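Beneath this line is the structure, given in structure tokens, with notes to follow.
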Amino acid sequence: MSQNPLQPFFRQPKIYITLPSKGVFNSPESLSGTFENMPVYGMTGMDEIILKTPDALMSGESTVKLIQSCCPSIKDAWSLTTLDTNLVYAAIRIATYGNELSVTQTCPECETENDFDIDLNHVIEHYSNCQYNHKLTLDGLIVKTRPLTFKESNDFSLENYGLQQKLNQTEQVEDVNEKQRLFKELFEELSVTQQKIFSKSVEAVEVGDQVVTDPTYIEEWLKNCDKSVFEKLKNHVDANRTAWNMPTWPAKCAKCEAESKIYVELDNSSFFGNA
Ligand SMILES: [Zn+2]
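Residues -6 to 268 in my numbering are what the sequence shown spells out, letter by letter.
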């Protein structure tokens, strides 16, 4: 087949990124090439249209398509870990609109609305220095943990969203006994979801020279272990999550000079809109 003469006019990579997870949790077929120096392209018009489709948004489908379109080295964005997603979102935004993002923040002291231009390169720098702690010694066991994939994290968000909706509906129930019964049911569902997050975070448990990787065994162990063991695991998972939170930017109110921090959420369509 002859080459399209328009090819030199196709979009070009704008920046190159290195996955903070180093791809260690990815299957070889989910990435092409190495985790280093992955080219990132700006969004196409089609990417933008997909992002504006509300149904696609809720299912995470549009985010996956966006990542695979702008970072073609990522073949399966569902299996990307949550360690990498924020950096990838920031890189796509930089490749499309440049590194500056305008944000408006209300001063916590005097409620003045201040405008700031923040530099998204801060996100790239921040994640290149983050470390994931994947090992925990518990009760004579060596527990290997792993970050959730985008698919798992998205499924949990949807579940949580569903539970939140049910909770809101339950608030409206007038019969007190019925209301209590429904609340009890919901809290049980919520704790099952949370339990699932922890068992998904455990990749393997080493006991002596045996390595347990069967998720059914791991789940059963977590249901039956001492509360203190479960809490240590929870703290470990939470500490990793905190260490991998989005970085913040310092802010100073133009009116009262109070200092605060700017938090930016990247996983929503407004972040990818033109600012
Ligand atoms: Zn102020």
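Backbone N, C-alpha and C define an ideal beta-carbon position, used for all residues, glycine too. This structure is a prediction, so every number in the text was calculated from the model and none was measured.
Exercise for the section: State buried or exposed for N147, treating a residue as buried only when at least 16 other CB atoms are found within 10 Å of its CB. Expected result: Position 154 of the sequence shown, counted from the start, is the residue given in the question as residue 147. N147 comes out buried.
Exercise for the section: Return the chain-ordered ranges of every alpha helix (DSSP H) run that is complete within the segment 5 to 62 and spans a minimum of 4 residues. Expected result: 38 to 44, 47 to 52
Problem - Local conformation of N107 per DSSP, three classes - result: Translated into the one-based positions of the sequence shown, residue 107 becomes position 114. Note: N107 maps to strand in three-state DSSP.
Exercise for the section: Return yes when the C-beta of E252 is under 7 angstroms from any heavy atom of ligand 1, and no when it is not. Expected result: What you label residue 252 is simply residue 259 of the sequence shown in a count that begins at 1. Outside the cutoff, so no.
Exercise for the section: Evaluate the contact criterion for the segment 205 to 214 versus the segment 164 to 180: three or more CB pairs, one atom per stretch, below 8 angstroms. Expected result: No, the segment 205 to 214 does not touch the segment 164 to 180.
Handout entry: Extent of the continuous alpha helix (DSSP H) to which I87 belongs
Key = Working through the sequence shown from its first residue, we reach residue 87 at position 94. Note, I87: alpha helix (DSSP H), 78 to 90.
Practice task
Just list the beta strand (DSSP E) runs in the segment 172 to 247, keeping only unbroken ones of 3 residues or longer that don't cross its boundaries, in chain order.
Solution key: 195 to 200, 203 to 205, 242 to 245
Handout entry: DSSP-derived helix/strand/coil call for V166
Key = Here residue 166 is taken as the residue at index 173 of the sequence shown, counted from 1. In this structure, V166 counts as coil in the three-state DSSP scheme.
Practice task
Compute every distance between the C-beta of T105 and the non-hydrogen atoms of ligand 1, then say whether any falls below 7 angstroms.
Solution key: As a first step, residue 105 is located in the sequence shown; it is residue number 112 there, counting from the start. It does: the Cβ of T105 is within 7 angstroms (strictly closer) of some heavy atom of ligand 1.
Exercise for the section: For S39, count neighbouring Cβ atoms within 10 angstroms of its own Cβ and tell me buried if that reaches 16, exposed if not. Expected result: Start at 1 with the first residue of the sequence shown, and residue 39 comes out as number 46. This sequence places Met at residue 39; Ser is not what is there. It is exposed - the Cβ of M39 has fewer than 16 other Cβ atoms within 10 Å.
Problem - Of the listed residues A88, L129, Q98, Y90, nearest to K248 (C-alpha basis) - result: Residue 248 sits at position 255 when you count from the first residue of the sequence shown. Cα-wise, what sits closest to K248 is Q98.
Practice task
For the alpha helix (DSSP H) containing V116, list its first residue and its last residue.
Solution key: Taking the first residue of the sequence shown as position 1, residue 116 is located at position 123. Following the DSSP letters along the chain, one finds V116 inside the alpha helix (DSSP H) bounded by residues 114 to 121.
Exercise for the section: Examine ligand 1 and report whether any of its heavy atoms sits within less than 7 angstroms of the Cβ of C64. Expected result: Residue numbering aside, residue 64 sits at position 71 when the sequence shown is read from its first letter. The answer is no for C64.
Exercise for the section: Kindly examine ligand 1 and report whether one of its heavy atoms sits closer than 7 angstroms to the Cβ of C218. Expected result: Taking the sequence shown and counting its residues from 1, the one referred to as residue 218 is at position 225. C218: no, Cβ never under 7 angstroms from ligand 1.
Exercise for the section: Give me the Cα-Cα distance between I190 and Y120, rounded to the nearest whole angstrom. Expected result: Against the sequence shown, residue 190 aligns to sequence position 197. Against the sequence shown, residue 120 aligns to sequence position 127. Their Cα atoms are separated by approximately 23 angstroms.
Handout entry: Identity of the residue in E152, K7, A236 nearest M31 by Cα
Key = Numbered from 1 along the sequence shown, position 38 holds the residue referred to as residue 31. Minimum Cα distance to M31 is reached at K7.
Exercise for the section: Indicate the three-state DSSP secondary structure (helix, strand or coil) for Q98 in the structure shown. Expected result: Along the sequence shown, one-based indexing puts residue 98 at 105. Residue state, collapsed to three classes: strand.
Handout entry: Three-way DSSP call (helix, strand, coil) for L332 in this model
Key = The shown model of the chain, from -6 to 268, leaves out residue 332, and the question about it has no answer.
Practice task
Verify the contact flag: C100, CB atom, against every heavy atom of ligand 1, threshold strictly below 7 angstroms.
Solution key: As a position in the sequence shown, residue 100 is number 107, starting the count at 1. Yes, Cβ of C100 sits closer than 7 angstroms to a heavy atom of ligand 1.
Practice task
Could you tell me which residues DSSP puts in a beta bridge with S253?
Solution key: Here residue 253 is taken as the residue at index 260 of the sequence shown, counted from 1. Looking at the DSSP assignment, S253 forms a beta bridge with A244.
Practice task
Determine the burial state of Q0: buried for a count of at least 16 other Cβ atoms within 10 Å of its Cβ, exposed for fewer.
Solution key: Looking up residue 0 in the sequence shown gives position 7. Q0 should be labelled exposed.
Exercise for the section: Could you pull the start and end residues of the beta strand (DSSP E) that I67 belongs to? Expected result: The residue given as residue 67 occupies position 74 in the sequence shown. Looking at the DSSP string, I67 is not in any beta strand (DSSP E), and its letter there is neither H nor E.
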